[in-house]
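What follows is one structure encoded as structure tokens, with my remarks underneath.
Protein chains in written order, with our numbering: chain E, 969 to 1288; chain L, 24 to 520.
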């Protein structure tokens, strides 16, 4: 066969063996270098010893910041990593044009990564934009983060605009005789809102061209004997959760509705927070035990559509 | 197949147990010792990259040998041999074991055979049908009418189902037909030493120069009866029609075989192969109860000749069908089953280890080397893709807060990524070589398919996930649990699922 082949069988076998042993050599020579590099070791040519180093990983928002380490500009911009650092403290400065610089002292440990990955660059000249076009007393942002509602107590008007201040429009008028307004809020369905003061709640509908006459009629709920301290919308946009100086109540947003006292409070002006997603009311109330001391407790009241949960809670609190 | 007892059963368990032990240990380490796991992964990644580079270089050499011998007039080369070699006295016995393949598969194989640049009167064709195939008799009759006049002899055999000691395997059918051919040769008083037997898959289309090439290598080799002759399998019959997914897998399979042909100390017979009929009779034919008959016949020769048996590569192609289904999922299934059947070659491990324990004449070192090679190749096949794709990211994901602060946790993905960038070069080489072994584009096939043939290599990462380790792990687990596989031939040709 040799006469027909430029390379003989033996020559091919020789080439193969050379390749095999070359690869074997590369493996055994290369592997220690790769592993020592991976583990963070650096060969010190002066002491002829391996020294365990650490590294700093830098990630910024936005990217592209200049990196200074102990005052010297690093060759790469963020995101980057500075490898083979001997253990110790390093002064790191990150700079991005037209933004506030970021400075810190970073402790580098042997064989470890020091991560600087939560840097946000804030602009020197913040982007500021006026959104309102009329005077207003207070504002609310809807749950979907798309609309802004403005209430003007002087003109007794509610305005609305988009987040970018476009579509500024007058969407409701407040009752002339309702004063003062302690607080107000938009219903989750964004069709109505309530305003309240110490002894009265008014539920008003936005003038959005709806033909719903039932909703269009303002509803007034009077609290002559109690003092209203806080009001929340239930997620159904129909019930109101009312905190007075005596009770936690639920009441329908309709004329002549009667409140249900869910919890009797020991403390006036109870702190409260309402989770509209799960219809949970968190509130603080005091407990007066037999020794006449006073303890503040935090309670959770479930107000979801499953009414049995109300009973369960009330029984639980009575037992307490 | 009945479950063997004692030592053989232990050797059946070893490959699967080893593969699972490696995988489970690495997963366990990634949780409790992520640092150790990361070091092992980097080591394996580096080893794998160098192995890929090394094997790609071998592929280039094998491809060089194949392309250099392409189109060579081997018969002329045989004629130029000294008279004492006497190629004219050689007879070629060609066996096609047929399970359920129909005329659409068999006709092209016989037509290719009939076009051989070799005296056809010196070719004895044996169509080895399974008697359980209802179409066997009628197909045999049709093919005899069409082809029998072209060859020196044309036999059809019908292997009965359920013979004692046999499984439903290709080897059982091939052995039955070889014994029938022996009776035929005896009747003509043909010297077995002058007969070369080629056992071809039913869809095998031989190169016109195949028998000249085979004869030349047989006549010029030292100890020609102590060798098998292995052509390079390519899957060109329907490669232009096959979906890219299947095409890619089969091209990779051809390349693996070409690479193996450069590693003679590990090279064993695969699929279609040839050998001396004298040797076949001496080693008692192909195994009748093992699926991987194509490789076991080599080991039988190795044991029979006390380790002095080898496989001689023939740098000439035999072309077969790409196995595929009528949609991508069926194609995956077909390919998966085919690869699992190939991986079932792990059954060779208990076979050879048991053979080695009985044979005292094979040098001990040779026994250890060959056993280790076989075990290592199967275990590596079962674990490599799992380690690279599945276990690789685990230390980062589950190493915990302490590990994530370590330099190696940061460097692991960087080093792995850097190492694998080197494989781009090897991939480009594979793409180029795959393009060169393609048959001419048939009329009616768009030129755009050439572009697809290059782009399809980007599927490799997905194919690795499905066909990388899973079939091998499946086969080894079955052997470990004594859930023995039945021979399930791959559906080919027009018989797509």
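Glycine residues also receive a C-beta, built at the ideal position from the N, C-alpha and C atoms. Bear in mind that the values here come from a model prediction, so they are computed numbers and not experimental data.
**Contact list for the stretch 318-351 of chain L against chain E, Cβ threshold 9 Å** = Flagged: no residues at all.
**Asked** Where does residue 1182(E) fall in DSSP's three states?
**Response** Confidence at residue 1182(E) is low in this model, with a pLDDT of 49, below 50, so its placement is unreliable and no value can be given for it.
**Item:** Within chain L, the residues that residue 1001(E) reaches when beta carbons sit closer than 7 Å
**Value:** Result: empty, since nearest Cβ-Cβ is about 10 Å, beyond 7 Å.
**Message:** Among the candidates 181(L), 256(L), 100(L) and 264(L), whose CA atom is the shortest distance from the CA of residue 466(L)?
**Reply:** Closest option to residue 466(L), Cα to Cα, is 264(L).
**Message:** Give me the chain L residues within the contact set of residue 965(E), using Cβ-Cβ distance strictly less than 8 Å, ordered along the chain.
**Reply:** Here chain E has residues from 969 to 1288 only, and residue 965(E) is not among them.
**Prompt:** Going straight from the alpha carbon of residue 1157(E) to that of residue 1131(E), what length do you get?
**Reply:** Straight-line Cα distance between these residues: approximately 18 Å.
**Own chain residues within Cβ distance below 7 Å of residue 110(L), not counting five before or after** = Within the same chain, residue 110(L) has close Cβ partners 101, 104, 238 and 242.
**Item:** residue 147(L) vs residue 116(L) beta-carbon contact at 7 Å
**Value:** A distance below 7 Å separates the beta carbons of residue 147(L) and residue 116(L).
**Asked** From the beta carbon of residue 368(L), is the nearest beta carbon of chain E less than 7 Å away?
**Response** So, not an interface residue.
**Item:** Partner residues on chain L for residue 1007(E), Cβ-Cβ distance less than 7 Å
**Value:** Those are 430 and 431, listed as they occur along chain L.
**Request:** Output yes or no for whether 7 Å exceeds the beta carbon distance between residue 339(L) and residue 230(L).
**Result:** Against a cut-off of 7 Å, the Cβ pair of residue 230(L) and residue 339(L) comes out as a contact.
**Asked** According to DSSP, is residue 417(L) helix, strand or coil?
**Response** When DSSP states are grouped into helix, strand and coil, residue 417(L) belongs to the helix group.
**Message:** Is the separation between the beta-carbon of residue 1174(E) and that of residue 1139(E) shorter than 7 Å?
**Reply:** Their beta carbons are under 7 Å apart, which means residue 1174(E) touches residue 1139(E) by this criterion.
**Asked** For residue 1190(E), which option in 1219(E), 1203(E), 1200(E) and 1204(E) has the closest C-alpha, if you only look at C-alpha atoms?
**Response** From the listed residues 1219(E), 1203(E), 1200(E) and 1204(E), the smallest Cα separation to residue 1190(E) is found for 1219(E).
**Request:** Going by CA-CA distance only, name the one from 1246(E), 1187(E) and 1254(E) that's closest to residue 1226(E).
**Result:** Of the candidates 1246(E), 1187(E) and 1254(E), 1187(E) places its Cα closest to the Cα of residue 1226(E).
**Item:** Neighbourhood of residue 1078(E) by C-beta, 6 Å cutoff - its chain only, sequence neighbours within 5 removed
**Value:** Correct list, in chain order: 1020, 1022 and 1055.
**Request:** Quick one: grab the DSSP three-state call for residue 446(L).
**Result:** If DSSP states are grouped into helix, strand and coil, residue 446(L) belongs with the helices.
**Item:** Rounded C-alpha distance that separates residue 392(L) from residue 377(L)
**Value:** Spanning the two alpha carbons is a distance of roughly 15 Å.
**Request:** Return helix, strand or coil for residue 151(L), following the three-state DSSP convention.
**Result:** Here residue 151(L) carries a strand assignment [DSSP, helix/strand/coil].
**Message:** Beta-carbon within less than 6 Å of residue 1111(E)'s beta-carbon, same chain only, minus the 5 sequence neighbours each way: which residues are those?
**Reply:** Closer than 6 Å at Cβ, skipping near neighbours: no residue.
**Request:** Anything in the stretch 1021-1055 of chain E with a Cβ closer than 9 Å to a Cβ of chain L? List those residues in chain order, please.
**Result:** Against chain L - using a Cβ distance shorter than 9 Å - the residues of the stretch 1021-1055 of chain E are 1021, 1022, 1023, 1025, 1049 and 1051.
**Asked** Candidates 31(L), 41(L) and 30(L): which alpha carbon is nearest residue 404(L)'s?
**Response** Out of 31(L), 41(L) and 30(L), 41(L) has the C-alpha closest to the C-alpha of residue 404(L).
**Message:** Check whether the stretch 269-288 of chain L and the stretch 129-142 of chain L are in contact - that is, three or more C-beta pairs closer than 8 Å.
**Reply:** At 8 Å Cβ cutoff, the stretches do not touch.
**Message:** By alpha-carbon positions, which one of 418(L), 394(L) and 475(L) ends up nearest to residue 289(L)?
**Reply:** Comparing C-alpha distances from residue 289(L) to each of 418(L), 394(L) and 475(L) shows the shortest one belongs to 394(L).
**Request:** Express the C-alpha separation of residue 130(L) and residue 385(L) in angstroms, rounding to a whole number.
**Result:** Straight through space, the alpha carbons of residue 130(L) and residue 385(L) are spaced by roughly 44 Å.
**Message:** Using a Cβ-Cβ distance cut-off of 7 Å, determine whether residue 987(E) contacts chain L.
**Reply:** Closer than 7 Å: yes.
**For residue 1125(E), the nearest candidate out of 1109(E), 1067(E), 1102(E) and 1115(E) (CA to CA)** = Nearest option by C-alpha distance: 1102(E).
**Request:** Go through its chain and collect everything with a Cβ distance to residue 208(L)'s Cβ below 6 Å, but skip five positions before and after it.
**Result:** Its chain contains no residue whose beta carbon lies nearer than 6 Å to that of residue 208(L) once the 5 sequence neighbours on both sides are disregarded.
**Prompt:** Can you give the beta carbon distance from residue 1211(E) to residue 1240(E), rounded, assuming they're within the 8 Å contact cut?
**Reply:** In this structure residue 1211(E) touches residue 1240(E) by the C-beta definition: roughly 5 Å separates them, less than 8 Å.
**Message:** Within the continuous beta strand (DSSP E) that includes residue 1028(E), where are the two ends?
**Reply:** 1022-1029 is the span of the beta strand (DSSP E), which, as asked, contains residue 1028(E).
**Prompt:** Taking just the CA atoms, how far does residue 53(L) sit from residue 59(L)?
**Reply:** Residue 59(L) and residue 53(L): Cα-Cα distance of roughly 8 Å.
**Request:** Just tell me which of 369(L), 84(L) and 444(L) has its CA closest to the CA of residue 322(L).
**Result:** Checked all of 369(L), 84(L) and 444(L); the closest Cα to residue 322(L) is 369(L).
**Message:** Using only the alpha-carbon positions, how far apart do residue 1122(E) and residue 1222(E) sit?
**Reply:** Counting only the Cα atoms, residue 1222(E) lies some 27 Å from residue 1122(E).
**Message:** Using 8 Å for Cβ pairs, my map puts residue 159(L) next to residue 177(L). What's the rounded Cβ distance?
**Reply:** Residue 159(L) to residue 177(L), Cβ: 15 Å. No contact.
**Asked** Along the chain, where does the alpha helix (DSSP H) that runs through residue 77(L) open and close?
**Response** Per DSSP, residue 77(L) belongs to the alpha helix (DSSP H) from 57-91.
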